[in-house]
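Chemist: First, the structure itself, so that you have it in front of you.
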Amino acid sequence: MAYIVRTFIYRYFKNYLCSITGLFFIFLYVFALVFPFLFAVSTGEFWQKVKIASEQTYISLNGNYSIQCHSGFLNETSSNIISVTDQDYIDFQYMNEDQNLDGKTDFISFQINFMPSFIAEQCTLILFSNVGIRNTLKLQMITPLVFSFNEDFENYAIHLFGQLQFQQKQTLPQLTSTKLTYYNEETTYEYPLNLFDFKVQQLSQNETVIPIFESFKQRKPASKQVQIQGQLKIQTFQQLYYKPTVLQSFREVWIQYIYIAIPTFYLIQKLGSFALQKKIFFAHQQVYNDQYNTI
2 MAYIVRTFIY RYFKNYLCSI TGLFFIFLYV FALVFPFLFA VSTGEFWQKV
52 KIASEQTYIS LNGNYSIQCH SGFLNETSSN IISVTDQDYI DFQYMNEDQN
102 LDGKTDFISF QINFMPSFIA EQCTLILFSN VGIRNTLKLQ MITPLVFSFN
152 EDFENYAIHL FGQLQFQQKQ TLPQLTSTKL TYYNEETTYE YPLNLFDFKV
202 QQLSQNETVI PIFESFKQRK PASKQVQIQG QLKIQTFQQL YYKPTVLQSF
252 REVWIQYIYI AIPTFYLIQK LGSFALQKKI FFAHQQVYND QYNTI
């Protein structure tokens, strides 16, 4: 009695390169090589197209500030952005709060106290902050946060509530090293400060931080200090428009090649085998039967 343990049947299909079948398969394999790059170009992943990334910006107060107030006649109280010049007259307190302990400030709170005799109606407050982007891009700068409001300081305490948004005018380059941008942080301003020129300089920057806020006033006793209090939230997800480096573009094209070219080659092999077996394309066929028998 004979038992067939296993049987292998090998079929080989041979054709000439100049034949229609050979030329067709050459075209398919060339297409599989070129298609990932064509796909990358058509989807904007090549030639340094503009990309969008989401990231929470690092924003924190550094303790430097400037304030200029008016009340009928010019009433100036100020500190340069290096150090406070009159601690007895102005008391500035601030806190950078990291709620989720990820190393990024989520809320900023500050309070400025004046003597009870302080009278003002129009004030411009400038808080200097450290701003950084560290994940997708490399950016570090010192930027001013400008708050302007018209309130009665004699009878009311002023409260500011809002959020801080990173804004850019042009596409940022994806730098390999940190880009430093300063706003004359070592310059002592002479007062009265030319706020018009200062704001023009701020608006001329490609990247900056804009406070979006509302001001409220709360009646206070006449004996209490004049206060300006602020609560600012850092925007959690900030869209950043940037231009990737050439290396990143080629890396993304290579990733697309892996995910597209390999399945394409596999599909061509399967379809080619099916077409040859069904004699859709003509090719010379050789069959080898290799079997092992046990008696």
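Residue numbers (the working numbering): 2 to 296.
Cβ atoms here follow ideal geometry from the backbone N, Cα and C, with glycine treated the same way.
#1: Where residue 138 and residue 244 are concerned, what is the direct C-alpha to C-alpha distance, given to the nearest angstrom?
#2: Would you be able to state if there are at least three C-beta pairs under 8 Å between the stretch 229-246 and the stretch 49-58?
#3: Inspect the beta-carbon positions of residue 175 and residue 211 and report whether they are closer than 8 Å.
#4: For residue 234, which option in 140, 163, 158, 114 has the closest C-alpha, if you only look at C-alpha atoms?
#5: From residue 29 to residue 257, what does the alpha carbon distance come to, in whole angstroms?
#6: Tell me which same chain residues have a C-beta within less than 7 Å of the C-beta of residue 215, skipping the five on either side of it?
#7: Nearest CA to the CA of residue 219: which residue from 156, 249, 97?
#8: Take residue 92 and list the residues in its own chain whose beta-carbon comes closer than 6 Å to its own, dropping the five residues that flank it on each side.
#9: Quick check: residue 68 and residue 126, are their CB atoms within less than 8 Å of each other?
#10: Are residue 148 and residue 63 touching if we call contact CB-CB under 8 Å?
#11: Taking C-alpha atoms, which residue in 246, 158, 169 lies nearest to residue 226?
#12: Per DSSP, which one or two residues make a beta bridge with residue 135?
#13: Quick one, which of 151, 99, 168, 60 has its alpha-carbon nearest residue 133's?
#14: Leaving aside the five residues before and after residue 34 along the sequence, list all residues of the same chain whose C-beta is less than 6 Å from its C-beta, in chain order.
#15: By the 10 Å Cβ neighbour count, where 16 or more other Cβ atoms means buried, how is residue 142 classified, buried or exposed?
#16: Let's test the definition: count the other Cβ atoms within 10 Å of the Cβ of residue 237 and tell me whether it reaches 16, buried, or not, exposed.
#17: Can you tell me where the beta strand (DSSP E) with residue 114 in it begins and where it stops?
Modeler: Let me lay it out:
#1: 10 Å
#2: yes
#3: no
#4: 163
#5: 18 Å
#6: 162, 163
#7: For residue 219, the nearest C-alpha among the options comes from 156.
#8: 114
#9: yes
#10: no
#11: Out of 246, 158, 169, 158 has the C-alpha closest to the C-alpha of residue 226.
#12: Answer is none; residue 135 lacks a bridge partner.
#13: 60
#14: none
#15: buried
#16: exposed
#17: 108-115
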